[in-house]
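Encoded as structure tokens, the structure appears first; notes follow it.
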Amino acid sequence: MKMRSFFLVPMGLMMLTTACAHQHHGHGHGHGHHGQRHYPVQPMPVQQIQYEEEHLRVSGRGAVVPDVTQTQAQQKLMAMRASRMDAYRNLAERLYGIELEGSTTVRQMAARHDTVRSFINRHVAGARVVETVLMDDNIYQTTLELTVGRRFYSCVTYPSTCSTVHVPAPTPVRAPVPVSPVCEQAPCQPVSVPRTAPRNCGSTPCERQPVYTRYPERAPRQGSCPTTDCVHAPYETYR
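Okay, structure coming up:
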């Protein structure tokens, strides 16, 4: 009796699981037959950052370096120049950031060498020098000021949104062509213009080209010699 009950329990479990599987498969087949519902995907809203206009003010410092080859005035000017360059570098670092390169050497569980180098290579324009003052220990301090608009931060964050404005090159101005004077009332002075050089005639001697008289603003015309004393006919006459 016990053996029969043990056989009946597994058989009943198998029948229940098979019926559930057929029922689940039938529901799935019917749902696929009627079609699935496709819900439209709503795009995620993109939050745009609102940048505000900002007035930046940075300072740089430069020390006077004693040098026997320079006068005190030259040393002061060099220190002022160094403070200005340091201020521009600080302004570029604040606008565009800074690139760092570091390395650390560890030996026997102890740091031996630790080096950090910084790089900045940017174009800064429009900054105004506010003041350059002499501080203690012969140190000059230069203060720069720059007004940064909203478009600057947008271009730095999204470079593809900024379009480069191409300035057209100026059109070259051509020099006026000199015009020969027109002889209307007073007679023009004739100008003797030689003809082109004689060509190579081979064994026979070339005939020398005569010199004709050219008048400005008059077109030549070929014609025959009207008189008997004309030797080099045909000749060129002018209207």
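Residue numbers (mature numbering (1 follows the signal peptide of the UniProt record, and there is no 0)): -21 to -1, 1 to 218.
Cβ atoms here follow ideal geometry from the backbone N, Cα and C, with glycine treated the same way.
All of these numbers come straight from a predicted model, not from anything done at the bench.
Whole-angstrom C-beta distance between residue j and residue i, which should lie under 8 Å
i: residue 73; j: residue 35; result: 6 Å
i: residue 220; j: residue 153; result: Beyond the ends of the chain as shown, which are -21 and 218, falls residue 220; an answer cannot be given.
Rounded separation between residue i and residue j - CA only
i: residue 97; j: residue 81; result: 9 Å
i: residue 85; j: residue 93; result: 9 Å
i: residue 135; j: residue 49; result: 43 Å
i: residue 65; j: residue 21; result: 51 Å
i: residue 121; j: residue 88; result: 44 Å
i: residue 40; j: residue 58; result: 8 Å
i: residue 110; j: residue 127; result: 19 Å
i: residue 1; j: residue 16; result: For residue 1, the predicted model reports a pLDDT of 49, less than 50, meaning its position is unreliable; a value from the coordinates is still stated below. The alpha-carbon atoms of residue 1 and residue 16 are separated by roughly 24 Å.
i: residue 133; j: residue 139; result: 10 Å
i: residue 52; j: residue 151; result: 46 Å
i: residue 63; j: residue 33; result: 21 Å
i: residue 105; j: residue 131; result: 13 Å
i: residue 149; j: residue 78; result: 39 Å
i: residue 37; j: residue 90; result: 35 Å
i: residue 56; j: residue 83; result: 39 Å
i: residue 123; j: residue 99; result: 18 Å
i: residue 95; j: residue 19; result: 52 Å
Residue i: first and last residue of the uninterrupted beta strand (DSSP E) it sits in
i: residue 21; result: Counting along the chain, residue 21 falls outside any beta strand (DSSP E), and DSSP gives it neither H nor E.
i: residue 152; result: Note, residue 152: premise wrong, no beta strand (DSSP E); not H, not E.
i: residue 33; result: 33 to 42
Under 8 Å between C-beta atoms of residue i and residue j
i: residue 125; j: residue 119; result: no
i: residue 108; j: residue 71; result: no
i: residue 44; j: residue 54; result: yes
i: residue 101; j: residue 137; result: no
i: residue 117; j: residue 61; result: no
Segment limits, alpha helix (DSSP H) that includes residue i
i: residue 48; result: It is not in any alpha helix (DSSP H) - residue 48 carries neither H nor E in the DSSP assignment.
i: residue 132; result: 129 to 136
Every unbroken beta strand (DSSP E) within the segment 44 to 109, with a cutoff of 3 residues, ordered by chain: 78 to 86 and 89 to 98
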